[in-house]
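K.L.:
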Amino acid sequence: MNNSVFSVPKYIAVNSQKKIKVLEVNKIIYLKSSGRYTILHLEKEESIIVCKNLGHYEKLFQDLDFLRIHNSFIVNVAYLSSIIKDTGRQYCVLKENLIVPISNRKLFDVKSFLNY
1 MNNSVFSVPK YIAVNSQKKI KVLEVNKIIY LKSSGRYTIL HLEKEESIIV CKNLGHYEKL
61 FQDLDFLRIH NSFIVNVAYL SSIIKDTGRQ YCVLKENLIV PISNRKLFDV KSFLNY
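Counting along the sequence shown from 1, when you hit position 42 you're at 42 in UniProt numbering, and nothing is skipped either side.
(1) Where do the ends of the beta strand (DSSP E) carrying VAL22 lie?
(2) If you scan the UniProt domain "HTH LytTR-type" (12–116) from start to end, which runs of the beta strand (DSSP E) of 3 or more residues do you find wholly inside it?
(3) Out of SER33, GLU46, VAL50, which has the shortest C-alpha to C-alpha gap to ILE12?
(4) Taking all protein chains shown into account, decide if LYS102 is buried (16 or more other Cβ within 10 angstroms of its Cβ) or exposed.
(5) For VAL22 and ILE48, what's the separation of their Cα atoms in angstroms?
(6) Within its chain, find whatever has a CB closer than 7 Å to the CB of GLU46; leave out the 5 residues flanking it on each side and keep chain order.
(7) Would you tell me roughly how many angstroms separate the C-alpha atoms of LEU64 and ILE74, rounded to the nearest one?
(8) Using a Cβ distance threshold of 8 Å, determine whether the region 28–38 contacts the region 53–72, with at least three qualifying pairs required.
(9) Between which residues of its own chain and GLN17 is the CB-CB distance below 7 Å, once the five residues before and five after are set aside?
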């Protein structure tokens, strides 16, 4: 097998509540850490709790338009509509009016990713 050819995943299979669910990666809006678990927030206000930590998904999606914006959050940049500042804090506003915090440590990475 040729390891130099890497395929970016279009679908992922996740264990969730006694079943394996197949998800389209581009339907994931953001991911939130919850201890050793990760909550995948999908379109239409659907959420799935999975038994893998956020670092696993950060590596899995590293070649996609997903960005770690906080110790506890990864966002799908395709859903990003704006960044707002409020009393020394920054937030990503995502489509469907979801608001996710950006850590001060990650703000430079976010701006660089967006060529700002």
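Ideal placement from N, C-alpha and C gives every residue a C-beta, glycine not left out. Note that this is a predicted model, so its numbers are computed, not measured.
P.N.:
Let me lay it out:
(1) Along the sequence shown, one-based indexing puts residue 22 at 22. It spans 19–24 - the beta strand (DSSP E) in which VAL22 sits, taken as one unbroken run.
(2) Runs of the beta strand (DSSP E) inside the UniProt domain "HTH LytTR-type" (12–116): 19–24, 28–34, 37–42, 47–50, 66–70, 73–76, 80–86, 89–94, 98–102.
(3) Locating residue 12 in the sequence shown gives position 12, counting from the first residue. The alpha carbon of ILE12 has as its nearest neighbour, out of SER33, GLU46, VAL50, the alpha carbon of VAL50.
(4) Along the sequence shown, read from residue 1 onward, the residue named residue 102 stands at position 102. For clarity, residue 102 is Ile in the given sequence; the question names Lys instead. Here ILE102 is buried: its Cβ has 16 or more other Cβ atoms, across all protein chains shown, within 10 Å.
(5) Numbered from its first residue, the sequence shown carries residue 22 at position 22. Numbered from its first residue, the sequence shown carries residue 48 at position 48. Answer to the nearest angstrom: the Cα atoms are 11 Å apart.
(6) Translated into positions along the sequence shown, residue 46 becomes position 46. Result list for GLU46: empty, nothing under 7 Å.
(7) The residue given as residue 64 occupies position 64 in the sequence shown. The residue given as residue 74 occupies position 74 in the sequence shown. Each residue's Cα considered, the two are about 12 Å apart.
(8) Verdict: yes, contact present.
(9) Position 17 of the sequence shown holds residue 17. Closer than 7 Å at the Cβ level, and outside the excluded window around GLN17, lies no residue.
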